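J.: One line per chain: the protein sequences are A and B, in this order. When you line the first sequence up against the numbering used here, it's residues -10 to 102, in that order. When you line the second sequence up against the numbering used here, it's residues 67 to 256, in that order. One structure, pasted below without further comment.
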Amino acid sequence: MSTRTNSVRVQDFPNGGGAAAVLAAGIGCMMVAIFAILADKVGAFKSLMIFYKPTGPLSGVTTCAILVWLMSWAILHRRWSGRMVALGGVVTAALTLLGLSLLLTFPPIADLF
Amino acid sequence: MEITTRSLLTLIHGMGFGALYLLACSGALVELYRRYKPGSLRPIEIADEKFLGAYLVVMAALAWITVLTGGYVIYPWYRAVPPPGTVDLSGFPQRLLMASPNTIAWHSIGMEWKEHVAWLAPISITMAAAVFIRHGRNLTRHPQLRNAVLCFVLVSFVAAGIAGFFGAMLNKYAPVQGGPTIELVHGEKP
């Protein structure tokens, strides 16, 4: 089904691909915060995160977060692509993760853990 | 008028890529909000849609270049450890900030926040570019998806702003400098 709302046709489309990208981005952002807190609090994890010595643990923290983001994106995309997904829950989860990641990267809050 | 190589690269990272990204954010936010809201009366031309897609891709590239140059070029100079007994800490910005109670928070809060929060920007804008390229004008039919993309672009703007602000302040109190000197203009004798 399609409607003509503007000068070009706007079609109904499966929103699963977009939903997968949005949720994966929320997960990726959250992983930056979680890995950063772990590297700050757990000595062994901090050492494990030093992928490139001049940059220190930040190299591992960000590389791992990016890998989790891309993997979760690939998995979600495979499951949801071509399907209609109920966006309410997905968007709420993604924005909650995004908001938490913004807060948890703030050192005085991260130090509470 | 001279500048050191490290100062120049820090300038390119912050005032070049970073500032350009911040400027670009406002354009993307306005366009996504104004043109792609449900029931928008103005038509979305195919050329406009292609332009915004390309614009978001360029923004994503800018965001990645900014965090990668920051994390792997500038940050190692910032956190360099001075040899034991070093008195002049001007070439070791992190240690210079940590040496005084008046400046230590610029590192413990400023840099600690900046170095992590900045990475939210490329992840968010890459997602925004991917979703826009995939769905384009169809976003007007799914306001929740369009609002989610808008929120991620907004947070990427905030994250880049935090990183930019602290980057500028850190470079004010403990500038990254060193390396070969480049003479920009040969001055006249006073």
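Think of the CB as a built atom: it goes at the ideal place given N, C-alpha and C, for glycine as much as any other residue. None of these values were measured; they are calculated from a predicted model.
Measure the beta-carbon distance from residue 79 (chain B) to residue 136 (chain B) and round it to whole angstroms, keeping in mind my assumption that it falls under 8 Å.
T.: Contact flag correct, Cβ pair sits at about 6 Å.
J.: How would you label residue 83 (chain B), buried or exposed, when you count the other beta carbons within 10 angstroms and need 16 or more for buried?
T.: Its Cβ being crowded by 16 or more others within 10 Å, residue 83 (chain B) is buried.
J.: Where residue 248 (chain B) and residue 67 (chain B) are concerned, what is the direct C-alpha to C-alpha distance, given to the nearest angstrom?
T.: About 9 Å.
J.: Which residues, in order along the stretch 119 to 146 of chain B, keep a beta-carbon less than 9 Å from a beta-carbon of chain A?
T.: Answer set for the stretch 119 to 146 of chain B: 133, 137, 138, 141, 142, 143, 145, 146.
J.: Provide the residue span of the beta strand (DSSP E) that contains residue 69 (chain B), from first to last.
T.: Segment 68 to 70, the beta strand (DSSP E) holding residue 69 (chain B).
J.: Compare the C-beta of residue 69 (chain A) against all C-beta atoms of chain B and say whether one is closer than 9 Å.
T.: So no, residue 69 (chain A) is outside the interface.
J.: Could you pull the start and end residues of the beta strand (DSSP E) that residue 247 (chain B) belongs to?
T.: First-last of the beta strand (DSSP E) with residue 247 (chain B): 247 to 249.
J.: Reducing DSSP to helix, strand and coil, say where residue 15 (chain A) ends up.
T.: Here residue 15 (chain A) sits in helix by DSSP.
J.: Are there 16 or more other CB atoms within 10 angstroms of the CB of residue 81 (chain A), so buried, or fewer, so exposed?
T.: Looking at its Cβ environment, which holds fewer than 16 other Cβ atoms inside 10 Å, residue 81 (chain A) is exposed.
J.: Give the residues of chain A in contact with residue 200 (chain B), contact being defined as C-beta atoms less than 9 Å apart.
T.: Ordered by position in chain A, the residues that pass the 9 Å Cβ test against residue 200 (chain B) are 2, 6, 7, 10.
J.: In whole angstroms, give me the CA-to-CA distance for residue -8 (chain A) and residue 105 (chain B).
T.: Caution is warranted here: a pLDDT of 45 is assigned to residue -8 (chain A), below 50, making its placement in the model unreliable, and the coordinate value is therefore given only provisionally. Between residue -8 (chain A) and residue 105 (chain B), the C-alpha separation is close to 12 Å.
J.: Tell me residue 41 (chain A)'s beta-bridge partners as DSSP assigns them.
T.: A:45, per the DSSP bridge assignment.
J.: Residues of chain A with a CB under 8 Å from the CB of residue 179 (chain B): which are they?
T.: Those within 8 Å of residue 179 (chain B) in chain A are 94, 95, 96.
J.: Closest Cβ-Cβ distance between residue 98 (chain B) and chain A: below 9 Å?
T.: No, no contact with chain A.
J.: So, using beta-carbon positions, are residue 17 (chain A) and residue 59 (chain A) closer together than 9 Å?
T.: Yes, the pair counts as a contact, with Cβ atoms nearer than the cut-off.
J.: Please say whether residue 205 (chain B) and residue 95 (chain B) have beta carbons closer to each other than 9 Å?
T.: Not in contact: residue 95 (chain B) and residue 205 (chain B) (Cβ atoms no closer than 9 Å).
J.: Please report the Cβ distance between residue 121 (chain B) and residue 172 (chain B), rounded to the nearest whole angstrom; I am assuming they are in contact, meaning their Cβ atoms lie under 8 Å.
T.: In fact, because the Cβ distance is near 34 Å, the residues do not count as touching under 8 Å.
J.: So what does DSSP say about residue 232 (chain B), is it helix, strand or coil?
T.: Helix.
J.: What separation, rounded to the nearest whole angstrom, lies between the Cα atoms of residue 177 (chain B) and residue 73 (chain A)?
T.: Cα to Cα, residue 177 (chain B) sits roughly 42 Å from residue 73 (chain A).
J.: Give the secondary structure of residue 97 (chain A) by DSSP, where H, G and I count as helix, E and B as strand, and everything else as coil.
T.: Correct three-state label for residue 97 (chain A): helix.
J.: Any contact between the stretch 0 to 10 of chain A and the stretch 43 to 54 of chain A? By contact I mean 3 or more CB pairs, one from each, below 8 Å.
T.: In short, these stretches do not touch, since the Cβ pair count stays below three.
J.: Counting only beta-carbon separations shorter than 9 Å, does residue 18 (chain A) have a partner in chain E?
T.: Within the model displayed, chain E is absent; protein chains A and B are what it includes.
J.: My understanding is that residue 13 (chain A) touches residue 90 (chain A), with C-beta atoms under 8 Å, so please give their C-beta distance in whole angstroms.
T.: No, residue 13 (chain A) and residue 90 (chain A) are not in contact; Cβ-Cβ is about 13 Å, not under 8 Å.
J.: When you check each C-beta in the stretch 33 to 48 of chain A against every C-beta of chain B, which residues fall closer than 8 Å?
T.: For the stretch 33 to 48 of chain A, which is checked against every Cβ of chain B, the residues closer than 8 Å are 41, 43, 44, 45, 47, 48.
J.: Assuming the contact rule is C-beta atoms closer than 8 Å, residue 126 (chain B) and residue 199 (chain B) should be a hit. Round their C-beta distance to whole Å, please.
T.: In fact, because the Cβ distance is near 10 Å, the residues do not count as touching under 8 Å.
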